[in-house]
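Structure record follows, encoded as structure tokens.
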Amino acid sequence: MTRPAATTVLLFTLCAVMPLLTACNAESDTPTGPSSAVVTPPAPTTGIVQGIVKREAYFGAVFNPEAPVSGAQVLVTEGVGAGQSATTAAGGAYRLELPPGPFRLRWSAQGLDPRESDPGTVIAGSTTTVDTVILRVMSVPDWSITGIVRDGVGNPVADVSLVARDVFNEVGYATTDAAGRFRIASTRQHLDTLHVYASKAGYLSQDITGVCGPSCAITANFRLLRIVRTWLDGPSTMQVGDVAAISLISEYDDGSRRPYITRVQSSNPAVVQVLPVSQEQYDKSLVKAIAPGTAALQDFVILNVHVVP
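Be aware that the sequence shown starts at 7, since it is given in this note's numbering, and climbs by one per residue.
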């Protein structure tokens, strides 16, 4: 009679366990609602400093317009981020991520003079855009050319204009004082060989060539011959059919004379005709007497010619 007893015990056990299983399943099938906890992101600890670096416009062999500088160094010189640096990209732009607080920048690039920024402040979580900086072409040490300008008899000449230039550019200027002295001084870059031109109205201009590298200090003295008179040299009387050469002559204060190329014009071609330039006498003008009368030949100065039969 043991079998019925076992069956009774099993049924009782199942009846006791089933409510527990049903409760577990009911609990696991209940959907879970969203969490009410909010995660706060950490406060920013840095800020952004950005800007653009450019090079000034300048004259070299050709005109070089203002342009962005790539490869320039941007160094933080003051503040918590001192020592950090960045390099500009192709468009001249840079970007630094710095701790909050005061800062100062230094921009530098090869061949350009460095510059320091005004003080600024980094604000955490914000971007500070610095004004575009223009770097100047690097200057060279001071160089100078000094001297005295005298006339043909040794007197000093005042108010003479002097210009120093290399192959491409004018790089320095000066004017003589009452004693004929001048000084050209500059820090402008130039080729080592310089040409210095001295000129004044009424005088024969002169130029001197010399070597003047960085930090040079050379002397160049000039002798400008004063023009005493200038005239057209040729016959004042011609006979019909005559051909004559006309020259332009200047006489200077030292007693010397120099001929110059002349291309005269006739006031009366029917009387005196200007002939085509001759290859043998390219520095002179050839004229021919055509008919009796008078004609004025002119090239800055005038020569009156009377033609007879």
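Using N, Cα and C, we set each Cβ at its ideal position, and we do this for glycine too.
- Residue environment analysis places residue 49 among the exposed positions, since fewer than 16 neighbouring C-beta atoms fall within 10 angstroms of its C-beta.
- About 6 Å separates the CB atoms of residue 115 and residue 141; that is less than 8 Å, so the two are in contact.
- In this structure, 204 is the residue among 231, 82, 204 with its C-alpha nearest to the C-alpha of residue 215.
- Contact check between the stretch 235 to 249 and the stretch 163 to 171: fewer than three CB pairs, one atom from each, fall below 8 Å, which does not count as touching.
- Under the 10 Å beta carbon count, residue 158 is surrounded by 16 or more other beta carbons and is classified as buried.
- Minimum Cα-Cα distance from residue 156 among the listed residues 230, 118, 111 corresponds to 230.
- Distance from residue 74 to residue 57 at the Cβ level is roughly 11 Å; contact not present, criterion being Cβ atoms closer than 8 Å.
- Residue 127 has its alpha-carbon roughly 29 Å from the corresponding atom of residue 143.
- Residue range 307 to 314 is occupied by the beta strand (DSSP E) that includes residue 312.
- Counting along the chain, the unbroken beta strand (DSSP E) around residue 245 starts and ends at 243 to 245.
- DSSP lists 204 as the bridge partner or partners of residue 212.
- A distance below 8 Å between beta-carbons, with the five flanking residues on each side excluded, links residue 288 to the following residues of its chain, in chain order: 267.
- For residue 234, same chain residues with a beta-carbon under 7 Å away, outside a window of 5 residues either side, are 257, 258, 259 in chain order.
- Here residue 125 has 108, 110 as same chain residues with Cβ atoms under 7 Å from its own Cβ, once five neighbours each way along the sequence are excluded.
- In this structure, residue 106 sits near residue 53, with a CB-CB distance shorter than 7 Å.
- Residue 172 sits close to residue 197, with the two beta carbons spaced by under 7 Å.
- Between the alpha carbons of residue 133 and residue 77 lies a distance of about 22 Å.
- By alpha-carbon distance to residue 200, the top candidate from 183, 306, 174, 232 is 174.
- The residue among 45, 63, 210, 104 with its C-alpha nearest the C-alpha of residue 86 is 104.
- In summary, residue 69 is exposed, with fewer than 16 beta-carbon neighbours lying within 10 Å of its beta-carbon over all protein chains present.
- Cβ-Cβ distances below 8 Å link residue 285 to nothing in the same chain once the five nearest sequence neighbours on each side are left out.
- It is roughly 49 Å from the alpha-carbon of residue 282 to the alpha-carbon of residue 63.
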